[in-house]
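J.: My structure is below; once you've seen it, I'll send some questions.
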Amino acid sequence: MFITISELSIGFCLFLCTVKGMVKERGSIRGRVVVLSNQLTEIWPIAAYFIILVVMLAFMLALSHVLGPKTKSRAKNTPYESGVIAAVAPASGGETRFGNHFFLYAIFFVIFDLETIFLFAWVIAFDEVGWAGFIEASIFIGILLVALLYIWRIGALELKHRHLPFRQQQIDAQQNLSNR
Amino acid sequence: MFEYLWQLEPLWKVVEISVMISLLIPIAATLVWVERRMIGIWQDRYGPNRVGPFGILQPLADLLKILGKEDWVPPFSDRLVFVLAPIIGAVCVLMSFAVVPFSPSIGVSDLNIGLLFFLAMASLAVYSVVLAGWASNSKYAMLGGMRAAAQTVSYEVFMGLSVMGVVLLTGTFNLREIVLAQTDGWLIQTQFVGFFVFLIAGIAESHRLPFDLPEAETELTAGFHTEYSGLKFALFFLSEYLGVTLISAMSVVLFFGGWLMPEPLASWLPPLFWFILKISFFVMFFILLRTSLPRPRFDQLLSFGWLVMLPLALLNLLVTALLRLGGII
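Going line by line, the protein sequences match chains A and B.
Letter by letter, the first sequence follows residues 23 to 202 in the working numbering.
Letter by letter, the second sequence follows residues 1267 to 1595 in the working numbering.
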């Protein structure tokens, strides 16, 4: 927790320095208007690209909807289950629950990816901030590495460890079956 | 009469965009044939060789067949999301091509945040697999979707970090300027660690073997697209192969000088051809990886990403910055 807060604060300072440097460089309002109109000429082709793309994909899907046959059979509308009785997933209000072991990775992702954004700000302003920026950034990266070391040492990155009890349960269940 | 020509410029742009999209999709389809053929050769068999010369019309036959398949939406699924998921995937991958500079004059947009746009689209693509897995309402799809989420999220962190060395050396996010900055020498000379990390992250992001755990046949039947069929399945397939092309194109743009070549070679072929040649080299490399490497276990994959790749990317950035400040590169 402490690590995260200190990192975020350092990152934020880094970010502010960079933004300050960039604003100083941009200058007058007229310059900003020019920048804006340049951006517009770069952005509208992307918007056009997006629209053409979506229209084309929708057309393809519609075409296959029209061309394809419509058939009915008894087992067609059941989920693929490979011989094991289908578990109903939550999307249709089913009761079956999946253990999601991956939520921790999502949390780490949020922490680490946020810090990537701060580093992006440093990298793009690299020539302006010079050695001072480098020292700040290396402290920042150092804390990142320490945080990584920490989450590794507490075993938060080990999937196998967190799978163990469930596996043990399965093995026990199988043994019970074979005993009977 | 020439003063009215600038008004035609948007029209030309729209034509360029349409041509590009209508070329990209057949290219991805042809890539399926190329891959099957190459795997066939490497595995000492023929591969598809019936339709047309060398079987090159196979993608066309596949497309026609897929168009004639039933557009089936499972009644037990979340219908809207089920239909949207493959579209999201295809749109995200194809949108990234909008910022790729193909040659000095070809390219949809020179967005000044092109690299960030590419990373953003790569992150958005995860919604496609997660939503597909969730909406299918089937256990294999669900597990595949979850795996895809964990894998993509883990490998994305250092995908962004690995290209930061490039941004540091060139001082821009604009992909065209990054290419032009490599006129004196390709960035691979100093950024080989970054390239290595980027390539591995790219393979993981496009769910290719050996990192295709979200759709591992031996464990999860077909993973997140178990319930998909017909054209919607084809869209997933298409996004995978477009993803391969995209990662190859980005590697070439960021590390191998885009369309640039050293002088005696550069005058032999137009820039676009050099770019395509370099991309095909990487595509072949991806196919070779698929034929030669086994799949790791899922926890091995994740811990490899977090414990090896992430520190490597961070250290690469630091060392690059240090060398840059020291005036060495």
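Each residue gets a CB set at the ideal place from its N, CA and C atoms; glycine is no exception.
Given the structure is predicted, the values throughout are model-derived calculations rather than measurements.
Can you find the residues in the same chain that come closer than 6 Å, C-beta to C-beta, to L126/A, ignoring five residues on each side of it along the sequence?
T.: Only A178 meet the Cβ criterion.
J.: Compare the C-beta of L1427/B with all C-beta atoms of chain A and state if any pair is closer than 8 Å.
T.: Yes, L1427/B lies at the interface with chain A (some Cβ there is under 8 Å from its Cβ).
J.: Could you please give the first and the last residue of the uninterrupted alpha helix (DSSP H) stretch that includes A152/A?
T.: In the sequence as displayed, the identity of residue 152/A is Gly instead of Ala. F148 to R175 is the span of the alpha helix (DSSP H), which, as asked, contains G152/A.
J.: Check the Cβ of A97/A against every Cβ in chain B and list those closer than 7 Å, keeping chain order.
T.: Chain B residues near A97/A: none, gap ~12 Å exceeds 7 Å.
J.: Quick one: which chain A residues come within Cβ less than 8 Å of D1337/B?
T.: Going along chain A in sequence order, the residues near D1337/B (Cβ under 8 Å) are L83, S86, H87 and G90.
J.: Starting from the C-beta of L1559/B, find all residues in its chain whose C-beta is less than 8 Å away, skip the five residues before and the five after it, and write them out in chain order.
T.: Within the same chain, L1559/B has close Cβ partners L1475 and P1476.
J.: Report the residues of the segment 1552 to 1577 of chain B with a CB closer than 8 Å to any CB of chain A, ordered along the chain.
T.: So the list reads F1564, D1565, L1568, S1569, W1572, L1573, L1576 and P1577, given in the order they occur along the chain.
J.: Where do the N-terminal and C-terminal ends of the alpha helix (DSSP H) with F1499/B fall, by residue?
T.: G1496 to F1521 is the span of the alpha helix (DSSP H), which, as asked, contains F1499/B.
J.: With 8 Å set as the bound, which would you pick, yes or no: does the beta-carbon of L79/A sit closer than that to a beta-carbon of chain B?
T.: Chain B contact via Cβ: present.
J.: Within 8 Å of any Cβ in chain B, is that where the Cβ of I68/A sits?
T.: For I68/A, the answer is yes, since a Cβ of chain B falls inside 8 Å of its Cβ.
J.: For F1461/B, which residues in chain A fall below 7 Å Cβ to Cβ?
T.: Neighbours of F1461/B on chain A: none; closest Cβ ~17 Å, over 7 Å.
J.: Using the Cβ count rule (16 or more neighbours within 10 Å means buried), how would you classify N1582/B?
T.: Counting Cβ neighbours within 10 Å, N1582/B comes out buried, since at least 16 surround it.
J.: What does the Cβ neighbour count give for V1519/B, buried or exposed, with the cut at 16 atoms within 10 Å?
T.: V1519/B comes out buried.
J.: Going along the segment 1431 to 1448 of chain B in order, which residues come within less than 8 Å of chain A, judged by CB to CB distance?
T.: Flagged, chain order: V1433, L1434, G1437, T1438 and F1439.
J.: Tell me the residue span of the alpha helix (DSSP H) that contains W1540/B.
T.: P1537 to S1558 is the span of the alpha helix (DSSP H), which, as asked, contains W1540/B.
J.: Who are the neighbours of I163/A on chain B, taking C-beta pairs under 8 Å?
T.: By Cβ distance, chain B contributes L1580, L1583 and L1584.
J.: Counting only beta-carbon separations shorter than 8 Å, does S160/A have a partner in chain B?
T.: With 8 Å as the cut-off, S160/A counts as an interface residue toward chain B.
J.: Do S1428/B and G1460/B have their C-beta atoms closer together than 8 Å?
T.: Yes, the Cβ-Cβ distance between S1428/B and G1460/B is below 8 Å.
J.: Express the C-alpha separation of N1315/B and L1323/B in angstroms, rounding to a whole number.
T.: L1323/B and N1315/B: Cα-Cα distance of roughly 9 Å.
J.: Out of curiosity, what's the CA-to-CA distance linking L1588/B and F156/A?
T.: Cα to Cα, L1588/B sits roughly 8 Å from F156/A.
J.: Cβ of L1360/B within 8 Å of Cβ of I1287/B?
T.: Result yes, Cβ atoms of L1360/B and I1287/B sit closer than 8 Å.
J.: Please go through the segment 1290 to 1359 of chain B and give each complete alpha helix (DSSP H) segment of 4 or more residues, from N-terminal end onward.
T.: 1324 to 1333, all fully within the segment 1290 to 1359 of chain B.
J.: Starting from the beta carbon of L136/A, find every residue of chain B whose beta carbon is closer than 8 Å, and list them in chain order.
T.: By Cβ distance, chain B contributes nothing, its closest Cβ being about 10 Å from L136/A, past 8 Å.
J.: Suppose you measure from the CA of S1375/B to the CA of I1513/B; what does that come to, to the nearest Å?
T.: The alpha-carbon atoms of S1375/B and I1513/B are separated by roughly 18 Å.
J.: Ignore the nearest five residues each way along the sequence and tell me which others in G43/A's own chain have a CB closer than 8 Å to its CB.
T.: With a pLDDT of only 49 at G43/A, under the threshold of 50, the placement of this residue in the model should not be trusted, and no figure is reported.
J.: Quick one: what's got a C-beta closer than 7 Å to V45/A's C-beta in the same chain, skipping five residues either side?
T.: With a pLDDT of 48 at V45/A, under the threshold of 50, the modelled position of this residue cannot be trusted; read the value that follows with caution. So the list is empty, once near-sequence residues are dropped.
J.: Can you tell me whether DSSP reads M82/A as helix, strand or coil?
T.: M82/A falls in the helix class under three-state DSSP.
J.: Use the C-beta contact count for I129/A: other C-beta atoms within 10 angstroms, 16 or more gives buried, fewer gives exposed.
T.: So I129/A counts as exposed.
J.: Using a C-beta cutoff of 8 Å, does Y71/A count as contacting chain B?
T.: Closer than 8 Å: yes.
J.: Do we get a CB-CB distance below 8 Å when we pair T1487/B with the residues of chain A?
T.: At least one chain A Cβ lies under 8 Å of T1487/B.
J.: How would you label I1507/B, buried or exposed, when you count the other beta carbons within 10 angstroms and need 16 or more for buried?
T.: Note on residue identity: the sequence assigns Tyr, not Ile, to residue 1507/B. Buried.
J.: Within the same chain, show all residues whose beta-carbon is closer than 6 Å to that of G1571/B, passing over the 5 residues directly before and after it, in chain order.
T.: Excluding sequence neighbours, G1571/B sits near S1420 and Y1421.
J.: For A1327/B, go through chain A and note every residue whose CB falls closer than 8 Å to its CB, in chain order.
T.: By Cβ distance, chain A contributes nothing, its closest Cβ being about 15 Å from A1327/B, past 8 Å.
J.: Thinking G1355/B and L1501/B are a contact (beta carbons under 8 Å), I'd like their distance in whole angstroms, please.
T.: Contact flag correct, Cβ pair sits at about 7 Å.
J.: Which bits of chain B does L141/A rub up against, with CB to CB less than 8 Å?
T.: Going along chain B in sequence order, the residues near L141/A (Cβ under 8 Å) are L1427, M1430 and L1583.
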